[in-house]
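Read the structure below first, then the notes.
Number of protein chains: 2
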Amino acid sequence: MGKWMDHLTEVLPEKQVMTELADRHSYSFDASFGEYMPEAVVQVKNKHEVASVLKLANEYKVPVYPRGSGTCLSGGPLPVHGGIVLDMSQWPEEIDVHADDLIVYVSPSVRTGDINQAAEAYGLMYAPDPSSAHVATIGGNLAENSGGPRGLKYGVTKDFVIGLEVVTPEGEIIKTGGQTIKNVTGFDLTKLIVGCEGTLGVITEATLKLMPKPPAVQTLMVSFDDVRVAGQAISKTLTSGILPSKMEFMDQPCIQAVENFRPAGLPVEAAAVVIIELDGRPEAINVEKELVENIMKEIGATRTTVPETGEEAERIWHARKQVSPAIAKIKPTKVSEDATVPRSKIPDMLDRLNEIKEKYDVEVVVFGHAGDGNLHPNVLCDKRDQEEMERVELAVEELFQAAIDLGGTLSGEHGIGTMKAPFMESELGEAGLDMMKRIKDSWDPNNILNPGKIFPEKGQKLVLRNE
Amino acid sequence: MGKWMDHLTEVLPEKQVMTELADRHSYSFDASFGEYMPEAVVQVKNKHEVASVLKLANEYKVPVYPRGSGTCLSGGPLPVHGGIVLDMSQWPEEIDVHADDLIVYVSPSVRTGDINQAAEAYGLMYAPDPSSAHVATIGGNLAENSGGPRGLKYGVTKDFVIGLEVVTPEGEIIKTGGQTIKNVTGFDLTKLIVGCEGTLGVITEATLKLMPKPPAVQTLMVSFDDVRVAGQAISKTLTSGILPSKMEFMDQPCIQAVENFRPAGLPVEAAAVVIIELDGRPEAINVEKELVENIMKEIGATRTTVPETGEEAERIWHARKQVSPAIAKIKPTKVSEDATVPRSKIPDMLDRLNEIKEKYDVEVVVFGHAGDGNLHPNVLCDKRDQEEMERVELAVEELFQAAIDLGGTLSGEHGIGTMKAPFMESELGEAGLDMMKRIKDSWDPNNILNPGKIFPEKGQKLVLRNE
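Protein chains in written order, with my numbering: chain A, 1 to 467; chain B, 1 to 467.
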């Protein structure tokens, strides 16, 4: 070990290499579960440094774990086998908008929210809006293929990437895709690398697609006294010729939690609310707003609130963003899931979640991007209570199975990482998983880049308890 | 050879195996260049038959060439190394719309236009609209990641595929993706296989995304007396907050050809026309129509025609569709290209095309999906004239180089196939191409599935002349 560490300071400026325990500790966890201590942390600032680190890592067979700001909910940056954490957050920030081509070039360290802000100066929009956009880096978003509320109408991170500069696991610098929207020159490595959770390459630059910013938005908040009806209202709207930019769901415990945390005037008596955002030309939105109000009345909503000012609308969306911090106040530990089902199965999934809650006597609250079937059931618990955590593990396992049973998937937007790896084969089958593994093995023969993620290790099981 | 052929009739019903010369001849060409005779043609009708053929092919090391209706413009289905053509066109047709989930399940033999028609019955739309949608199969569209005019606003085939059933090159049946819009469970094999030109798997079922059909459309036809200004008008529109569903370009020779072929009232005096389609709510379209008219007046268009009835608009779009057959009347051979550049580079690309035309004294006409930079320069020639074809080869090579120089790509929507393989390394670099090859090798170790496509063979060059 000593030898590769000495070699590190030869290929990188000394102050970019950290080996002190205190420094390493800050890189031992992310926003998910588990703590793993790396042996060294390196702060890279250009593609050549990344290439040098990866070549060295291959020479000494040391694992390398790329990391942005560490907001990952599935363990993406966790150094589960020690080795080197590749901290990308100190990379010089670059946001270069080419308005005429409707594209922007960004460096991996840029915060996602800043990209949209830069685009707005040109009347343009970068659509993906994960809730962590104000802290998370675009590099992390690309690695995990992050989603967000606007995914309903506009798609997720992957849908907005047209080109990448990537350092391969063996340290070669390649370009994928390009600067054009249409491109069928060979295999789509761009869309393979986006969402690979940092296992196939380190992204050092990205070319993202921008679009004209819709000139107007309109929010509606709809209350229901039955969660199933709220679920049905979503399918009903989407089959009525209307495609809202956002359709978010919150159940009663979430509403209650937000009101206890920072009162926002949400309807605490409602069993659930659906918050809708329409965007487009004001003339079109006025028509769609009335159509949505009628649909909601017909299907049995108890109330539809239509904020009249931008500030009122902002207050509702702010309340939605407070769900995560608010429910974190209820109990010390929050297991945040993102199992996703076909839209029409949302009412069934809500039923299954209710059954699971009863069966294992665990506290489950539900919110999320219901418009695209991407719910976020959160199990609230206390990780110091080993007996409770055992029940939580069983509940989470059953929750994954429920999503798969209903034709859904383990993860809509958080990624597989460490936690969901044991369940991959149940969704993909042995042959399906093998085809993924073949790509990994052919690109990274020494298994250097982010090992221990996506692919289950022998005998691996879901563990939320401390060892 | 005899042995594998005997074996074929053991794994498939006899009448699905064709070895007569006359039958094989119909499968020796597509809509591009070159004729290659297969040794056998098999008509497969279910995934198990596909799996059996591929397992047998691996046993005997015989190449297998999947084929839809053979409309490919880049040689995708050509059996360049003989072997077996896998005819997918006789597969039972299945179009199963699940309106509540906004998805449709289709079998590979279905014609793409029929999918959109089935969706319309539910007020929904399947957006990708390649010009060959009335003949091409969705299987071929998936293999090639076909585009079309509506790609400007809605994206290409790949953007509408959420799940696949695939037979791997070694004959394993796998599922990729699923039924949900958001899905980050492992590597995105779906988007890797779509556009792989049939080299990584045989698609036996696809789950496609549908969307609400926009309630109204409005066409505008804009004339210019300068092609460069026409090119600028495209960028100008797109940076004015308007995203049309289509923006098509035709230069004067194309306009002239259509009017000579089937008169449609196009402005023959114009240097170029841009045909625009806006879609959405009628209230919004009315506003956007006026905005576009103003932009065109400001930038120096000579005339903007706004058809008042659906029939008039239909006549304009029909004229656009006639370009390909119309220019085919000018000279016996048509080399149809689809090199694509960033939108802002369209005027420069038009200049470069003009230079190439002069330099090699060849006839080049230009039309295409200019809104996304995807022009179709067509070189009109006579393949019996060897001297002319030599100049055409040089002109086409320079045209590819021009696209790459301008930050563009070899192919926007037609694919690499046989013709463009020799130019892959100049766009991707050695390491970039190697990463693609690693995937191919790991999935298809015996190089059974569609060999001779995408990856250049030793010493391969562009050849349009007959040997």
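Glycine included, each C-beta is placed from N, C-alpha and C at the ideal position.
The beta carbon of alanine 402/B is closer than 6 Å to those of Arg352 in its chain, skipping five residues each way along the sequence. The three-state secondary structure of tyrosine 105/B, taken from DSSP, is strand. Membership of glutamate 144/B in the alpha helix (DSSP H) is indicated by the continuous run 138-144. In terms of Cβ geometry, proline 307/B and isoleucine 295/B do not form a close pair [threshold 8 Å]. Shown here for methionine 424/B: same chain residues with a beta carbon closer than 8 Å to its own, the five before and five after excluded, namely Leu410, Ile416, Leu433, Ile454, Phe455, Pro456 in chain order. Boundaries of the alpha helix (DSSP H) harbouring tyrosine 60/B: 47-60, taken from the DSSP string. DSSP, read as helix, strand or coil, puts aspartate 87/B in strand. Measuring C-alpha to C-alpha distances from valine 106/B to each of Pro38/B, Val166/B, Lys55/B identifies Val166/B as the nearest. Leucine 73/B places its beta carbon 8 Å or farther from that of aspartate 372/B. Taking C-alpha positions only, valine 62/A is separated from methionine 5/A by approximately 10 Å. In chain order, Lys182 make up the part of chain A whose C-beta sits under 7 Å from the C-beta of asparagine 374/B. Considered as a whole, the region 286-320 of chain A harbours no complete run of any alpha helix (DSSP H) with no fewer than 4 residues. According to the DSSP secondary-structure assignment, aspartate 96/B is paired through a beta bridge with Tyr105/B. Of all residues in the region 396-415 of chain A, only Gly407, Gly408, Thr409, Leu410, Ser411, Gly412, Glu413, His414, Gly415 come within less than 8 Å of chain B when Cβ atoms are compared, listed by chain position. Within the region 341-363 of chain A, those residues whose Cβ lies closer than 9 Å to any Cβ of chain B are, in chain order, Val341, Pro342, Arg343, Ser344, Lys345. Alanine 119/B is not bridged by DSSP to any residue. In the three-state DSSP reduction, aspartate 405/A falls in the helix class (H, G or I).
When DSSP assignments are scanned along the region 168-240 of chain A, the uninterrupted stretches of beta strand (DSSP E) that are 3 or more residues long and fall wholly within it turn out to be 173-177, 202-209, 216-224.
Bridge partners of serine 336/A according to DSSP: Asn378/A. Non-local beta-carbon contacts of alanine 319/A in its own chain, meaning distances under 6 Å to residues more than five positions away in sequence, involve Val258, Ala264, Leu266 in chain order. Interface annotation, alanine 206/A: not in contact with chain B, CB-CB separation never under 8 Å. Across the structure, leucine 394/B and threonine 199/B are spaced so that their CA atoms are roughly 28 Å apart. Taking a cut-off of 8 Å on C-beta distances, the region 225-240 of chain B does not touch the region 109-121 of chain A, as fewer than three cross pairs fall below it. Residues Val268 of the same chain have their beta carbon placed closer than 7 Å to that of glutamine 256/B, with the five preceding and five following residues left out of the count.
Within chain A, no residue has its CB atom less than 8 Å from the CB of glycine 417/B, the nearest being about 10 Å off.
With a threshold of 16 other beta carbon atoms within 10 Å, alanine 22/B falls short and is exposed. Membership of histidine 369/A in the beta strand (DSSP E) is indicated by the continuous run 363-369. Within chain A, the C-beta atoms nearer than 8 Å to that of valine 287/B come from Arg281, Glu283, in chain order. Taken atom to atom, the span from the alpha-carbon of aspartate 159/A to that of leucine 12/A is near 35 Å. Interface annotation, serine 442/A: in contact with chain B, CB-CB separation under 8 Å. For proline 66/A, the enclosing beta strand (DSSP E) begins and ends at 64-67. Straight through space, the alpha carbons of cysteine 381/B and tyrosine 122/B are spaced by roughly 46 Å. Here the alpha carbons of leucine 86/A and valine 17/A stand approximately 10 Å from one another. Under the DSSP assignment, glutamine 43/B falls outside any alpha helix (DSSP H), being part of the beta strand (DSSP E) whose first and last residues are 40-43.
Take valine 156/B, set aside five residues on each side of it, and the residues of its chain with a beta-carbon closer than 8 Å to its own are Pro128, Asn145, Ser146, Gly147, Gly148, Glu413, in chain order. In the DSSP assignment, phenylalanine 261/B falls within the unbroken alpha helix (DSSP H) covering 252-261.
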